[in-house]
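Worksheet for the structure shown next.
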Amino acid sequence: MQINLTGHHVEITDSLRGYVEDKFTKLERHFDQINNVHVILNVQKMQQIAEAKIHLKKGEVFATSEHADMYAAIDSLIDKLDRQVIKHKEKLIKH
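With full-length UniProt numbering, letter number 52 in the sequence shown gets 52, and the count goes up by one each step, no holes.
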């Protein structure tokens with residue numbers, strides 16, 4: 001799985017990059033056919049925004065999350081993506 005991490009108005013530190021990579025490896029446990037992930041971390045005024053687009057086998061998943069803390073925004077984003085990835089996997093199994 002390839003992770004592209006982009007920061008808008010925020011510096012991507014090693015700890016932030018490591019945190020994102022660690023969280024996305026947890027997603028890979030549910031669905032191993034994740035090809036590419038594009039993550040954008042953004043700061044607008046006092047709001048931290050994390051969004052990601054995941055390219056999966058036969059589709060893609062997008063989610064966004066806002067929080068006052070960037071790490072909390074990433075956690076929320078992973079939860080949303082996790083639910084969507086599991087739903088996508090179930091659709092593939094049904095067909």
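Even glycine gets a Cβ: it sits at the ideal position worked out from N, Cα and C.
Taking all protein chains shown into account, Ser65 has 16 or more neighbouring C-beta atoms within 10 Å of its C-beta and is therefore buried.
Glu60 is the residue among Gln47, Ala73, Glu60 whose C-alpha sits nearest the C-alpha of Leu92.
Close CB contacts of Asn35 within its chain, under the 8 Å cut and outside five residues either way in sequence, are with Met1, Gln2, His55, Leu56, Lys57 (chain order). Each residue's CA atom was taken as its position, placing Phe31 and Phe24 some 11 Å apart. One thing to note: Leu27 has its Cβ no nearer than 8 Å to the Cβ of Leu77. Residue range 34-44 is occupied by the beta strand (DSSP E) that includes Val39. Of the residues assessed, Ala68 falls on the exposed side of the cut-off, its CB having fewer than 16 other CB atoms within 10 angstroms. In the DSSP assignment, Lys26 falls outside any beta strand (DSSP E) and within the unbroken alpha helix (DSSP H) covering 14-30.
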